[in-house]
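Residue numbers (our numbering): 1292 to 1665. Take a look at the structure below.
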């Protein structure tokens, strides 16, 4: 027969030869053994195996519950792990450790093809997909393909037109919160990343890296049609639109079309007549800040770009390139870039009539005020 729900305390010897025994409350079925007290230590050792195991399991469960009680209560999704360097919060300690590698500057995983290094092996694997050329994720609306599903999802937000993240200062809106944060750095005026060679500063480290490629002179991306090379793949893609002749962005006021939306926006400033950027020295105003900076180089007298053949110097790299064509025997239209060996004047005069403002090129629809023969 059995004793049902018999309550008694049993002393369990410590594991590993410890000195402190544990007293445990027994509440289970225990067989009645004649002449033996259930509450004695001897009785515990003589109990059937299933009873001994239940005692130990009960003790282990109580110990685990005690440990959980000692831990601070944390709700699901709560970010309790903070980075001492930047204050960023994380839900898991492992995520914090991974993040801290960024501050350490240690990037042990390097790409064998281009040398770019990463803090995590997973990031290296994603990067290597770029070199493979495989882009299995395609947009159903425009056909653009991506090497990662996440990049496709981000791209699809463009077609939706939804931009839930807006800047409080200028009202510009973005599809992603990260893009808004990057934009807000512009308003702060803080540019912590500076070029060691020319001193130009940037709000983001990626922009600095892109800029440094200019000084290196390395242009890995070349156009198959004209041979022009670029430091970035994106710039090559934009350039290739010129050869395609496809101009999807048209001005509603004059009908002029452009290959890129940014160029259309810049053009529309001409119709508005607004020129917010003025030169402090001569008062000349411009529609874009970049044009003002180029103009100010004239006043500075600084000409960093020097011709190796004749020593003539220029304020801009583009002017030097156009000049060098004359040494090669070729000449180029100042605006459309078309090259000639001896028919540049004929190109400028025969295809467009002269005007009081200068000579107009029909191919670029802009006016040249420069000396054709230099």
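Just so it is clear, CB atoms sit at the ideal spot from N, CA and C, and this is done for glycine as well.
Margin query: If the criterion is Cβ atoms closer than 8 Å, does the pair residue 1466 and residue 1488 meet it?
Written below: Sequence index remark: in the chain shown, residue 1466 carries index 175 (1-based). Sequence index remark: in the chain shown, residue 1488 carries index 197 (1-based). No, these two residues do not count as a Cβ contact at 8 Å.
Checklist line | Segment limits, alpha helix (DSSP H) that includes residue 1470 | finding: Counting from one through the chain shown, the residue named residue 1470 turns up at place 179. Its alpha helix (DSSP H) spans residues 1468 to 1479.
Checklist line | Per-residue burial, residue 1371 [other beta carbons within 10 Å of its own, 16 or more giving buried] | finding: Residue mapping note: residue 1371 aligns to position 80 of the chain shown, counting from 1. Exposed, since its Cβ has fewer than 16 Cβ neighbours within 10 Å.
Check: Nearest to residue 1525 by CA position, among 1551, 1544, 1537, 1516, is which residue?
Finding: By one-based count along the chain shown, residue 1525 stands at place 234. Of the candidates 1551, 1544, 1537, 1516, the one whose C-alpha sits nearest the C-alpha of residue 1525 is 1551.
Margin query: Can you list, in chain order, the residues of its chain with a C-beta nearer than 8 Å to that of residue 1554? Leave out the 5 residues immediately preceding and following it.
Written below: Taking the chain shown and counting its residues from 1, one reaches residue 1554 at position 263. Hits under 8 Å: 1540.
Margin query: Is the separation between the beta-carbon of residue 1593 and that of residue 1586 shorter than 8 Å?
Written below: Sequence index remark: in the chain shown, residue 1593 carries index 302 (1-based). Sequence index remark: in the chain shown, residue 1586 carries index 295 (1-based). Going by beta carbons, residue 1593 and residue 1586 fall outside the 8 Å limit.
Check: Does the beta-carbon distance from residue 1408 to residue 1416 come in below 8 Å?
Finding: What you label residue 1408 is simply residue 117 of the chain shown in a count that begins at 1. What you label residue 1416 is simply residue 125 of the chain shown in a count that begins at 1. Going by C-beta atoms, residue 1408 is not nearer than 8 Å to residue 1416.
Checklist line | Rounded straight-line distance, which links the Cα of residue 1486 to that of residue 1503 | finding: Taking the first residue of the chain shown as 1, we reach residue 1503 at position 212. Taking the first residue of the chain shown as 1, we reach residue 1486 at position 195. The straight-line gap from Cα to Cα measures roughly 7 Å.
Next item on the list: Could you check what DSSP says for residue 1597 in three-state terms: helix, strand or coil?
Entry: In the chain shown, the residue the question calls residue 1597 occupies position 306. In the structure shown, residue 1597 sits in a strand (DSSP, three-state: E or B).
Check: Which value, in whole angstroms, describes the spacing of the CA atoms of residue 1396 and residue 1411?
Finding: To locate residue 1396, count along the chain shown from 1; it is residue 105. To locate residue 1411, count along the chain shown from 1; it is residue 120. Residue 1411 has its alpha-carbon roughly 12 Å from the corresponding atom of residue 1396.
Note to self: Between 1569, 1461, 1468, which has its C-alpha nearest residue 1453's C-alpha?
What the structure shows: Counting from one through the chain shown, the residue named residue 1453 turns up at place 162. It is 1468 whose Cα lies nearest to the Cα of residue 1453.
Next item on the list: Determine which residues share a DSSP beta bridge with residue 1509 and list them.
Entry: Position 218 of the chain shown holds residue 1509. BP columns for residue 1509 are empty, so no partner.
Checklist line | Contact belief for residue 1450 with residue 1471 at Cβ below 8 Å, rounded distance in angstroms | finding: Working through the chain shown from its first residue, we reach residue 1450 at position 159. Working through the chain shown from its first residue, we reach residue 1471 at position 180. A Cβ-Cβ distance of about 19 Å is found for the pair residue 1450 and residue 1471, leaving them out of contact under the 8 Å criterion.
Note to self: Beta-carbon within less than 8 Å of residue 1610's beta-carbon, same chain only, minus the 5 sequence neighbours each way: which residues are those?
What the structure shows: On the chain shown, residue 1610 is found 319 positions in, with the first residue counted as 1. The beta carbon of residue 1610 sits closer than 8 Å to those of 1596, all from its chain and outside the five residues before and after it, given in chain order.
Check: Quick one, which of 1549, 1384, 1444 has its alpha-carbon nearest residue 1530's?
Finding: If you number the chain shown from 1, residue 1530 lands on position 239. That would be 1549, whose Cα lies nearest to the Cα of residue 1530.
Check: Can you name, in chain order, every residue of its own chain whose Cβ lies under 7 Å from the Cβ of residue 1425, other than the five neighbours on each side?
Finding: Translated into the one-based positions of the chain shown, residue 1425 becomes position 134. Excluding residues within five positions, the ones whose Cβ falls inside 7 Å are 1438.
Next item on the list: Give the straight-line distance between the Cα atoms of residue 1427 and residue 1402, rounded to the nearest whole angstrom.
Entry: By 1-based counting over the chain shown, the position of residue 1427 is 136. By 1-based counting over the chain shown, the position of residue 1402 is 111. Rounded to the nearest angstrom, the gap between the Cα atoms of residue 1427 and residue 1402 is 21 Å.
Check: To the nearest angstrom, how far is it from the Cα of residue 1545 to the Cα of residue 1566?
Finding: On the chain shown, position 254 is the one that residue 1545 refers to. On the chain shown, position 275 is the one that residue 1566 refers to. If I take the Cα positions, the gap works out to 19 Å.
Note to self: Beta-carbon within less than 7 Å of residue 1505's beta-carbon, same chain only, minus the 5 sequence neighbours each way: which residues are those?
What the structure shows: For the purposes of this step, residue 1505 is taken as the residue at position 214 of the chain shown. Apart from the 5 residues on each side of it in sequence, residue 1505 sits with its Cβ closer than 7 Å to the Cβ of 1522 in its chain, given in chain order.
Next item on the list: Would you list the residues sitting across from residue 1604 in a DSSP beta bridge?
Entry: Along the chain shown, one-based indexing puts residue 1604 at 313. Residue 1604 pairs with 1597.
Checklist line | Three-state class that DSSP yields for residue 1549 in the structure shown | finding: Taking the chain shown and counting its residues from 1, one reaches residue 1549 at position 258. Here residue 1549 sits in strand by DSSP.
Checklist line | Unbroken alpha helix (DSSP H) run spanning residue 1383, endpoints | finding: The residue given as residue 1383 occupies position 92 in the chain shown. Looking at the DSSP string, residue 1383 is not in any alpha helix (DSSP H), and its letter there is neither H nor E.
Next item on the list: Could you name the residues of the same chain whose beta carbon sits closer than 7 Å to that of residue 1579, not counting the 5 residues immediately before and after it, in chain order?
Entry: Along the chain shown, read from residue 1 onward, the residue named residue 1579 stands at position 288. Excluding positions up to five away in sequence, the list reads 1557, 1568.
Check: Among 1369, 1383, 1463, 1391, which residue has its Cα nearest to the Cα of residue 1376?
Finding: To locate residue 1376, count along the chain shown from 1; it is residue 85. Comparing alpha carbon positions, the residue from 1369, 1383, 1463, 1391 closest to residue 1376 is 1391.
Next item on the list: Determine the burial state of residue 1351: buried for a count of at least 16 other Cβ atoms within 10 Å of its Cβ, exposed for fewer.
Entry: Here the question's residue 1351 lines up with position 60 in the chain shown. Below a pLDDT of 50, predicted positions are generally treated as unreliable, and residue 1351, at 45, falls in that range; the measurement from the model is reported next regardless. Burial call: exposed.
Margin query: So for residue 1617, helix, strand or coil by DSSP?
Written below: As a working note, residue 1617 is residue 326 in the chain shown. When DSSP states are grouped into helix, strand and coil, residue 1617 belongs to the helix group.
Check: Skipping 5 residues on each side, what residues in its chain have a beta carbon closer than 6 Å to that of residue 1457?
Finding: In the chain shown, counting from the first residue as 1, residue 1457 sits at position 166. These residues qualify, in order along the chain: 1464.
Item checked: Of the listed residues 1534, 1507, 1613, 1607, nearest to residue 1517 (C-alpha basis) -> As a working mapping, residue 1517 is identified with position 226 in the chain shown. Among 1534, 1507, 1613, 1607, the Cα nearest to that of residue 1517 is on 1534.
Notebook entry, point to check: Got a sec? Which residues, its chain only, sit under 7 Å from residue 1570 by beta carbon, not counting five neighbours each side?
Noted result: Within the chain shown, the letter at position 279 stands for residue 1570. The beta carbon of residue 1570 is closer than 7 Å to those of 1583, 1586, 1587 in its chain, skipping five residues each way along the sequence.
Item checked: Which residues DSSP lists as bridging residue 1451, in chain order -> Position 160 of the chain shown, counting from 1, holds the residue named residue 1451. According to DSSP, residue 1451 bridges with nothing at all.
Next item on the list: Throw me the rounded Cβ distance for the residue 1572 and residue 1590 pair, which I believe falls under 8 Å.
Entry: The residue labelled residue 1572 in the question sits at position 281 within the chain shown. The residue labelled residue 1590 in the question sits at position 299 within the chain shown. About 5 Å separates the two Cβ atoms, so the contact holds.
Item checked: Inter-residue spacing [alpha-carbon to alpha-carbon] between residue 1462 and residue 1369 -> Sequence index remark: in the chain shown, residue 1462 carries index 171 (1-based). Sequence index remark: in the chain shown, residue 1369 carries index 78 (1-based). Computed Cα separation, rounded: 31 Å.
Next item on the list: Could you spell out the range, first to last residue, of the alpha helix (DSSP H) harbouring residue 1589?
Entry: In the chain shown, residue 1589 corresponds to position 298, counting from 1. Its alpha helix (DSSP H) spans residues 1580 to 1591.
Margin query: So residue 1475 and residue 1484 are supposed to be a Cβ contact under 8 Å. How far apart are they, rounded?
Written below: The sequence position of residue 1475 within the chain shown is 184, counting from 1. The sequence position of residue 1484 within the chain shown is 193, counting from 1. With 8 Å as the limit, residue 1475 and residue 1484 do not qualify as a contact, their Cβ atoms being about 16 Å apart.
Item checked: Nearest-angstrom Cβ-Cβ length linking residue 1513 and residue 1520, presumed shorter than 8 Å -> The residue you call residue 1513 lines up with position 222 of the chain shown. The residue you call residue 1520 lines up with position 229 of the chain shown. Yes, residue 1513 and residue 1520 are in contact; Cβ-Cβ is about 4 Å, under 8 Å.
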